[in-house]
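Notes for the one structure printed next.
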Amino acid sequence: MQRMIVKAATSTVEAAMVDVNTMAADNDAQVVDVSELSHISIYLNQIVDDGNATLTVTKSVDGTNFAPVSSKTQGDFAAGANKSIELTLSDANGMPTHAKQIKVVLTGSSGNGEYTMTVAGSLRAGYR
Amino acid sequence: MSGKILTRDATLTVNDAEDGFLSSANDVAIVDVRDMHSITLYVNHATDDLGQPNGTPASLDLNTVGDTIDTVVEATEPGTAGENITVTFVADSDEDEGELAVAGTAVTFHFKDGVTTVSNFEDAVTALTGDDDIIGVATPGTGASTLDAAVKAELDLDPLAVNADTVLEAVTAGDDGNNITLTFVHSAGAPNAGSLTRVLTAFTFTYKGTVTTVQNFEDAVGALTGDDALIAVKTPGTGANVLADTDDEFGPSNFANGDSNDEFGPEPLAGGTDGEGEFDLVLETTIDGTNYAPLATLDETDFEEGSGLSVEIPLVNEYGMMKRVREVKITLTAIEDSSKFSMTAVGVEG
Numbered sequence: 039m040q041r042m043i044v045k046a047a048t049s050t051v052e053a054a055m056v057d058v059n060t061m062a063a064d065n066d067a068q069v070v071d072v073s074e075l076s077h078i079s080i081y082l083n084q085i086v087d088d089g090n091a092t093l094t095v096t097k098s099v100d101g102t103n104f105a106p107v108s109s110k111t112q113g114d115f116a117a118g119a120n121k122s123i124e125l126t127l128s129d130a131n132g133m134p135t136h137a138k139q140i141k142v143v144l145t146g147s148s149g150n151g152e153y154t155m156t157v158a159g160s161l162r163a164g165y166r
Numbered sequence: 601m602s603g604k605i606l607t608r609d610a611t612l613t614v615n616d617a618e619d620g621f622l623s624s625a626n627d628v629a630i631v632d633v634r635d636m637h638s639i640t641l642y643v644n645h646a647t648d649d650l651g652q653p654n655g656t657p658a659s660l661d662l663n664t665v666g667d668t669i670d671t672v673v674e675a676t677e678p679g680t681a682g683e684n685i686t687v688t689f690v691a692d693s694d695e696d697e698g699e700l701a702v703a704g705t706a707v708t709f710h711f712k713d714g715v716t717t718v719s720n721f722e723d724a725v726t727a728l729t730g731d732d733d734i735i736g737v738a739t740p741g742t743g744a745s746t747l748d749a750a751v752k753a754e755l756d757l758d759p760l761a762v763n764a765d766t767v768l769e770a771v772t773a774g775d776d777g778n779n780i781t782l783t784f785v786h787s788a789g790a791p792n793a794g795s796l797t798r799v800l801t802a803f804t805f806t807y808k809g810t811v812t813t814v815q816n817f818e819d820a821v822g823a824l825t826g827d828d829a830l831i832a833v834k835t836p837g838t839g840a841n842v843l844a845d846t847d848d849e850f851g852p853s854n855f856a857n858g859d860s861n862d863e864f865g866p867e868p869l870a871g872g873t874d875g876e877g878e879f880d881l882v883l884e885t886t887i888d889g890t891n892y893a894p895l896a897t898l899d900e901t902d903f904e905e906g907s908g909l910s911v912e913i914p915l916v917n918e919y920g921m922m923k924r925v926r927e928v929k930i931t932l933t934a935i936e937d938s939s940k941f942s943m944t945a946v947g948v949e950g
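Chains as they are written, first to last, in the working numbering: chain A, 39 to 166; chain B, 601 to 950.
Put into structure tokens, the structure is as follows:
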């Protein structure tokens, strides 16, 4: 097993431009490349707890077509700032599943809540 | 699987009591595990403070052992340990308000017969401090009632025999003396001075009619020693009277009018139960050192009873896939007792 890697997702859509590094408005999205990772954990981070929001997480193996992973709302987070929800990529037998990209899109926003996504995993064999 | 096993203790970042353990509400410890995989966390109940504080204190309704006294006392601390406490009442004090003495787990109240009141006792209990403060008043009694010394059981031989007229008493005051019996029986083969024997609480005086005297009997009572010394002569009779063959036979006749009143003990407290104090431990993980996701919540029901016992938490998802994280944080969010906790991570280097 190789070393642990942590990667922050990058904003690809920033409708409100509250903070270029966070999602704050409907349709704001972040993507992170996880090609080199195994045993992937996805952390959805509530940076500012205010109002409602829905975060929809999908994954892609080709960068074009995306399959659903999970959907979380503001109510799924513990109250307060810097609270995370952890999602993991595995099958029902505990075998790690892999992807090229993870994407998260924010919808249904109200208030001034801000969110980010970070992933962690083990570096796969063949990567340095 | 390659790589060596790493074991790492979580480092306290908040330790209110500065005792090296998670022991106060909001104490926090963090362990960095970014260089490990296949991680298992051990949450260690280093010290299990048994008996605190949700148990039941041992108690004693003094009215069940005393006469006037009707206070209910209970151990200051809950738990079965309180059942080691005993209470004794003795009427040997010259002080009107009595005196309360505590020696280890033995509580003794010395009172003045007919003067000291229930309130005096309760005030003395309430005034206990420090190491002596092992009992309290659970339910006050009738404060104005005065405490009475025990009375010795007696037996007047005059109504029982023609020639014997001694008045006997139990050596020890209390209602146990009412169990003592005395039998007078004539035997031609008895010694001239008669013979006094005892089986448990039953005394038998065997005498030779027309020879043995009342004085002989009283001398025999006075000669009792050791376990036999349960009775004594309270009022001597007519010593020169000679006992008759049959007119002085009687019994077995019980001593009577013995009363323990408010002298008793040592009487143990009873009914204490141990109870584990409640606590809550919250475990969270982070991959960036800033944002934390919930991992697990533990409370007193998750641990076996006893010190040095751990709860094991493998760092896997719901299907068993091992997870990688940067740090695991544990927070003691609430605690009622004096338990102490620590956390250790073990994993494979890599």
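Heads up, the beta-carbon is just placed ideally off N, CA and C, and yes, glycines get one too.
Report the residue from the options whose alpha carbon sits nearest the alpha carbon of residue i.
i: B:Thr974; options: B:Thr901, B:Asp758, B:Gly777, B:Asp845; result: Only positions 601 to 950 of chain B appear in the structure, and residue 974 of chain B is not among them; the question remains open.
i: A:Gly101; options: A:Gly132, A:Gly146, A:Val72, A:Gly149; result: A:Val72
i: A:Lys138; options: A:Ala62, A:Ile78, A:Met155; result: A:Ile78
i: B:Arg798; options: B:Leu830, B:Gln815, B:Glu818; result: B:Leu830
i: B:Leu843; options: B:Val833, B:Asp888, B:Gly794; result: B:Gly794
i: A:Gly149; options: A:Asn90, A:Arg166, A:Thr50, A:Asp114; result: A:Asn90
i: B:Asp616; options: B:Val946, B:Thr772, B:Ser938; result: B:Ser938
i: B:Glu867; options: B:Ile685, B:Phe855, B:Gly655; result: B:Ile685
i: B:Val687; options: B:Val672, B:Asp696, B:Glu697; result: B:Val672
i: A:Ile80; options: B:Leu760, B:Ala893, B:His786; result: B:Ala893
i: A:Glu74; options: A:Asn65, A:Val58, A:Val44, A:Ser49; result: A:Val44
i: B:Thr664; options: B:Phe864, B:Asn841, B:Gly947, B:Leu796; result: B:Phe864
i: B:Val814; options: B:Ile935, B:Thr825, B:Phe621, B:Glu849; result: B:Glu849
i: B:Lys712; options: B:Thr729, B:Val690, B:Glu677; result: B:Val690
i: A:Val111; options: A:Thr156, A:Gln84, A:Thr135; result: Val is not the amino acid found at residue 111 of chain A; the sequence shown has Thr there. Of the listed residues, the one whose Cα sits closest to A:Thr111 is A:Gln84.
i: A:Thr145; options: A:Arg41, A:Ser76, A:Val95; result: A:Val95
i: B:Phe803; options: B:Ala820, B:Asn917, B:Pro759; result: B:Ala820
i: B:Arg924; options: B:Glu697, B:Asn720, B:Ile887; result: B:Ile887
i: B:Thr729; options: B:Thr676, B:Thr772, B:Val751; result: B:Thr676
Please confirm whether residue i and residue j have their CB atoms less than 8 Å apart.
i: B:Asp667; j: B:Asp862; result: yes
i: B:Asp776; j: B:Gly858; result: yes
i: B:Ser745; j: B:Val718; result: yes
i: B:Arg926; j: B:Arg608; result: no
i: A:Leu127; j: A:Ser108; result: no
i: B:Leu637; j: B:Phe903; result: Looking at the sequence provided, one finds His at residue 637 of chain B rather than Leu. No.
i: B:Gly950; j: B:Gly603; result: yes
i: B:Ala629; j: B:Thr640; result: no
i: B:Gly736; j: B:Val725; result: yes
i: B:Asp765; j: B:Leu757; result: yes
i: A:Asp87; j: A:Gly159; result: no
i: B:Leu898; j: B:Asp627; result: no
i: B:Thr873; j: B:Thr716; result: no
i: B:Pro836; j: B:Leu782; result: no
i: A:Thr154; j: A:Asn59; result: yes
i: B:Ala753; j: B:Ala856; result: yes
i: B:Lys940; j: B:Thr656; result: no
i: B:Glu912; j: B:Glu876; result: no
i: A:Leu93; j: A:Ser122; result: no
Under the three-state reduction of DSSP, which class applies to residue i: helix, strand or coil?
i: B:Ile630; result: strand
i: B:Gly826; result: helix
i: B:Ser719; result: helix
i: B:Phe941; result: strand
i: B:Leu662; result: helix
i: A:Ser108; result: strand
i: A:Val58; result: coil
i: B:Thr607; result: strand
i: B:Met601; result: Residue placement at B:Met601 is flagged as unreliable, the pLDDT there being 49, under the threshold of 50; the coordinate-derived value follows with that caveat. Correct three-state label for B:Met601: coil.
i: A:Asp114; result: helix
i: B:Glu818; result: helix
i: B:Asp756; result: strand
i: B:Val762; result: coil
i: B:Thr726; result: helix
i: B:Asp775; result: helix
Identify every residue that forms a DSSP beta bridge with residue i.
i: B:Met922; result: B:Val916
i: B:Gly679; result: B:Pro657
i: B:Ile734; result: Partner(s): none; B:Ile734 has no beta bridge.
i: B:Phe850; result: B:Phe784
i: A:Ile140; result: A:Val70, A:Lys97
i: B:Asp899; result: B:Asp880
i: B:Leu796; result: B:Phe805
i: A:Thr50; result: The partner list for A:Thr50 (beta bridge, DSSP) is empty, contrary to what the question assumes.
i: A:Gln40; result: A:Gln40 pairs with nothing; no bridge assigned.
i: B:Tyr642; result: B:Glu912, B:Thr944
i: A:Val86; result: A:Glu152
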